[in-house]
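Q: Sequences listed follow chains L and A, in order.
Using this note's numbering, read the first sequence as starting at 3 and increasing by one per residue.
Using this note's numbering, read the second sequence as starting at 3 and increasing by one per residue.
No residue lacks a Cβ here, since even glycine has one placed at the ideal position from N, Cα and C.
My structure is below; once you've seen it, I'll send some questions.
There are 2 protein chains.
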Amino acid sequence: MTKDTIIAVYTIKNTGQDIKKLAQNIAIGQTVGTWNDLSNNIRLQVAKHLADVISIEDHEYTSTIKIAFPIENFCDDLGALLTSVYGKISLIPKIKLEDIEFSESYLKLFKGPKHGIQGIREILSKNEKPLVMSIFKPCLGLTPGELGNMFFSQAESGIDLVKDDEILYDKDFSATLKRLEACLEAKEKAKAKTIYAINLTGQASEILNRACELEKNGANCILFNYVSYGLPLLLSLRQAVSIPIMAHPAFSGALCMSSTSGLSEELILGKLPRLAGADFVLFPSPYGSFSWDKGVTKGIHKELTKPQEHIKPIWSVPSAGVKASMVKEIVLDFGEDIVINAGTAVWEHKDGASAGAKEFIKELESLSLVKS
Amino acid sequence: MTKDTIIAVYTIKNTGQDIKKLAQNIAIGQTVGTWNDLSNNIRLQVAKHLADVISIEDHEYTSTIKIAFPIENFCDDLGALLTSVYGKISLIPKIKLEDIEFSESYLKLFKGPKHGIQGIREILSKNEKPLVMSIFKPCLGLTPGELGNMFFSQAESGIDLVKDDEILYDKDFSATLKRLEACLEAKEKAKAKTIYAINLTGQASEILNRACELEKNGANCILFNYVSYGLPLLLSLRQAVSIPIMAHPAFSGALCMSSTSGLSEELILGKLPRLAGADFVLFPSPYGSFSWDKGVTKGIHKELTKPQEHIKPIWSVPSAGVKASMVKEIVLDFGEDIVINAGTAVWEHKDGASAGAKEFIKELESLSLVKS
């Protein structure tokens, strides 16, 4: 029987256990639960749910195993996907989920990002060169009017995107709506196309309604902490609104900072949020004081941008430690389809935030890009 | 100015960095974003959101820092809580979130579990001794009728709780409703009070409606993979239904299996799901082939059961590797208010699942418990 499957890739630190047996236990334990004790009739009945061990590769200190899971066991339910491929398995020491290889039939279950790289370029009427983004700082405690003024200084200076800080929380949703109104007025006044990624917070039961309310009130982008709130909510958010979605990596380090457990950075910050429908994903840059390994950040970038059936390539946003003087280096590292996250650097400019923004714009304008 | 706060406790692996400066950076960076560059007026305005470094303790290889975060920055929004205390911080190498010390004013924002230990004892009319639970195995691919028969064998034998396997996924919600109907009929036929923890799956946008539908159709408990789907959804589930909630630890290992990053086991499997409203939490037992450290499991148990204002103590369910012969040992380790998770052991009994269940019941009946 041919089954439609996806392939989960694990690395296991070798501690003397029987890897072949462990792989079999995962394939059976995470699908039909038991096999040897089953009657032939029941085996026939449950076989379509059984996972198969595809390969086992032994290295010096680790082994890599690949297991094919039937799509039927989770379909387009991302909570069920995580439970199937890394539910109980996550609790066994020294097994890390490195990758999930999606198949064509699995990808067909998802719409993927609505806008992607090309769609966002169309919104901004910018057909080439990187985009540049700044972030409100401070944000908690400021009035909508103050944030509106900050937005104006950025929009007028030619910044493409302004985002809320991901920690910006409103006890009362009306405060979010007031901030949106102030920033939309500032955008109007600046006659700019600036995208404003407004932070979405709230109880899981109300967050999708809030997103729709923001869209109805003119929001042109939503910022969402998809790891803190749960990956499945990102997918539902993609279904609930048509405006672009910017995925923030807050809390993702809880899943991906260990070399022997959890998920790879490429999976949680690359493959999964793109599948769920984000148009932008922020991740730690290879620059600055808490820089990430450049190979890892390029790996995330690749997952966000590589061709993948109908699932559009999206914007990769290496963040933190980015300065105007680094624009060329960033483009050399990641290419032209990148968001330069000026972040807080613009606010620290000695001549003010407009001057800070313009410094980035100038660097970008001076770039002569080689078309690929 | 006095602020209502909670205290986040981090351990940092010492790698030569300036811990005091790092602690200050967390307190400022995760709240107001910047301080030195602010005018006095703005400082006054944002001060109520600023976190404070409470203490720094240096040990041989690690430092422990405690930071007080204003409740105002997240209130009862658990996604915002995780973003505040461990959002960007999670992405810095070698910083682990060990604990969150809740304050009385913070706990007041939550209802906590609806039933807790006492409430479940009342539902089952069992005023003493541990409860015993079994799990459908296999489950994927079986018909509602087959699962109903399995349920009957357990209910009739005196098992207190039967749960779905956490990997049980229904593409079509009507299949879940049919399974529920079959198990409720079996319960009726057995004239038993057995609690059936039915697995809740689905898109984030529909999962709460599904939960309400299950309750309306007579479900007396819901099983929920709260880490795969997101902790905030557990809190919303607690608001949406009145029946007991059983929290499953699937995928939690992705967060808690590293000693230098992520969250402690006590936090993600103890404190947080109890706060969000679970009545039962499963976690890996200190028995069997992939056993967890006994101290850690006792720490989780303590978080689930210790007195904590109006937040009821709940059922601790150490799971995997449990056999009938171990009942006494488990009670000695964890006390009387515990669910003995017979799990799959009952199905492997040479004389069938009824005999398997009865073996556990017999062991429990033979216990003479010392009342505390």
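Less than 8 Å between CB atoms is the rule here; does Pro140 (chain L) satisfy it with respect to chain A?
A: Closer than 8 Å: yes.
Q: Beta-carbon separation of Val239 (chain A) and Ala213 (chain A) under 8 Å?
A: It is worth fixing the name first, because residue 239 (chain A) is Leu in this sequence and not Val. Yes. Within cutoff.
Q: Using the Cβ count rule (16 or more neighbours within 10 Å means buried), how would you classify Leu405 (chain L)?
A: Since the first residue shown for chain L is 3 and the last is 374, residue 405 (chain L) is missing from the structure and cannot be characterised.
Q: Does the region 308–316 of chain L touch the region 108–123 of chain L, meaning 3 or more C-beta pairs lie closer than 8 Å?
A: Contact between the region 108–123 of chain L and the region 308–316 of chain L is present, because at least three Cβ pairs lie under 8 Å.
Q: Are the CB atoms of Leu109 (chain A) and Val311 (chain A) within a distance shorter than 8 Å?
A: According to the sequence displayed, residue 311 (chain A) carries Glu and not Val. Their beta carbons are under 8 Å apart, which means Glu311 (chain A) touches Leu109 (chain A) by this criterion.
Q: For the beta strand (DSSP E) that Glu100 (chain A) lies in, which residues bound it at each end?
A: It spans Ile97 to Glu103 - the beta strand (DSSP E) in which Glu100 (chain A) sits, taken as one unbroken run.
Q: Kindly say whether Asn343 (chain L), judged by its beta-carbon, lies nearer than 8 Å to any beta-carbon of chain A.
A: Judged by the 8 Å Cβ criterion, Asn343 (chain L) is not in contact with chain A.
Q: For Thr13 (chain A), which of helix, strand or coil comes out of DSSP?
A: Strand.
Q: Indicate whether the contact test is met: 3 or more Cβ pairs, each with one atom in the region 246–260 of chain A and one in the region 214–222 of chain L, closer than 8 Å.
A: Too few Cβ pairs lie closer than 8 Å, so no.
Q: Run the CB neighbour count on His51 (chain L), radius 10 Å, all protein chains shown included, and call it buried at 16 or more, exposed below.
A: Buried, by the Cβ-count rule.
Q: Is Cys77 (chain L) close to chain A, meaning its C-beta is less than 8 Å from at least one C-beta of that chain?
A: Yes, contact with chain A.
Q: Within the region 260–337 of chain A, note down every full alpha helix (DSSP H) run reaching 4 residues or more, in order along the chain.
A: Runs of the alpha helix (DSSP H) inside the region 260–337 of chain A: 274–278, 296–307 and 329–336.
Q: Is Thr4 (chain L) buried or exposed, if buried means 16 or more other CB atoms sit within 10 Å of its CB?
A: When all chains shown are included, Thr4 (chain L) counts as exposed.
Q: Less than 8 Å separating the beta-carbons of Ile14 (chain L) and Ile67 (chain L)?
A: In contact: Ile14 (chain L) and Ile67 (chain L) (Cβ atoms closer than 8 Å).
Q: Output needed for Thr17 (chain L): all residues of its chain with C-beta closer than 7 Å, excluding positions within five of it in sequence on either side, in chain order.
A: Result list for Thr17 (chain L): Lys96, in chain order.
Q: Leaving out five residues on either side along the sequence, give the residues of the same chain with a beta carbon under 7 Å from the beta carbon of Asp166 (chain L).
A: Within the same chain, Asp166 (chain L) has close Cβ partners Phe138, Cys141, Ala199, Ile200, Asn201 and Leu225.
Q: Tell me the rounded alpha-carbon separation between Thr262 (chain L) and Ser293 (chain L).
A: C-alpha separation (whole angstroms): 20 Å.
Q: Here's the rule I'm using: 16 or more other beta-carbon atoms within 10 Å means buried, otherwise exposed. How should Glu124 (chain A) be labelled?
A: Glu124 (chain A) is exposed by the Cβ-count criterion.
Q: Taking Cβ-Cβ distances shorter than 7 Å, what residues in chain L pair up with Pro286 (chain A)?
A: Leu93, listed in chain order.
Q: State yes or no: is the beta carbon of Glu361 (chain A) nearer than 8 Å to at least one beta carbon in chain L?
A: Chain L contact via Cβ: absent.
Q: From the DSSP output, in three-state form, read off Ile73 (chain L) for me.
A: Helix, per DSSP.
Q: May I have the straight-line CA-CA distance separating Ser370 (chain L) from Leu237 (chain L), to the nearest angstrom?
A: Looking at the two C-alpha atoms, the distance is approximately 37 Å.
Q: Using a Cβ-Cβ cut-off of 6 Å (strictly less than) and excluding sequence neighbours within five positions of Glu158 (chain A), which residues of its own chain qualify?
A: Correct list, in chain order: Ala192.
Q: Between Asn211 (chain L) and chain A, is any beta-carbon pair separated by less than 8 Å?
A: So, not an interface residue.
Q: Using the rule of at least 16 other Cβ atoms within 10 Å of the residue's Cβ for burial, across every protein chain shown, is Asn227 (chain L) buried or exposed?
A: It counts as buried.
Q: Could you check the C-alpha separation between Lys356 (chain A) and Ile122 (chain A) for me, to the nearest Å?
A: Correcting the residue type first, residue 356 (chain A) is Ser in the shown sequence and not Lys. Rounded to the nearest angstrom, the two C-alpha atoms are 23 Å apart.
Q: Taking all protein chains shown into account, do 16 or more other C-beta atoms lie within 10 angstroms of the C-beta of Thr346 (chain L), making it buried, or fewer, making it exposed?
A: Looking at its Cβ environment, which holds 16 or more other Cβ atoms inside 10 Å, Thr346 (chain L) is buried.
Q: Please tell me whether Tyr12 (chain L) has its Cβ less than 8 Å away from any Cβ of chain A.
A: False, the Cβ-Cβ gap to chain A never drops below 8 Å.
Q: Going by other Cβ atoms of all chains shown within 10 Å of its Cβ, with 16 needed for buried, is Gln32 (chain A) buried or exposed?
A: Classification for Gln32 (chain A): buried.
Q: Report buried or exposed for Thr145 (chain L), applying the criterion of at least 16 other Cβ atoms within 10 angstroms of its Cβ.
A: Label assigned to Thr145 (chain L): exposed.
Q: Please work out which residues of its chain come closer than 7 Å, Cβ to Cβ, to Phe154 (chain A), disregarding the five sequence neighbours upstream and downstream, and give them in chain order.
A: If we look at Phe154 (chain A) and ignore the five residues flanking it on each side, its Cβ neighbours are Ala188, Lys191 and Ala192.
Q: Mind pulling the chain L residues with CB within less than 7 Å of Gly232 (chain A)?
A: Those are Ala206, Tyr231, Gly232, Pro234 and Leu235, listed as they occur along chain L.
Q: Taking Val229 (chain L) as part of the beta strand (DSSP E), name the residues at either end of that continuous run.
A: Looking at the DSSP string, Val229 (chain L) is not in any beta strand (DSSP E); the run it does join, the alpha helix (DSSP H), is Tyr228 to Tyr231.
Q: Where do the ends of the beta strand (DSSP E) carrying Asn343 (chain A) lie?
A: Note, Asn343 (chain A): beta strand (DSSP E), Val341 to Gly345.
Q: Using a Cβ cut-off of 8 Å (strictly closer), state whether Ile44 (chain L) contacts chain A.
A: So yes, Ile44 (chain L) belongs to the interface.
Q: In terms of residues, what are the limits of the beta strand (DSSP E) holding Glu59 (chain L)?
A: Per DSSP, Glu59 (chain L) belongs to the beta strand (DSSP E) from Asp54 to Asp60.
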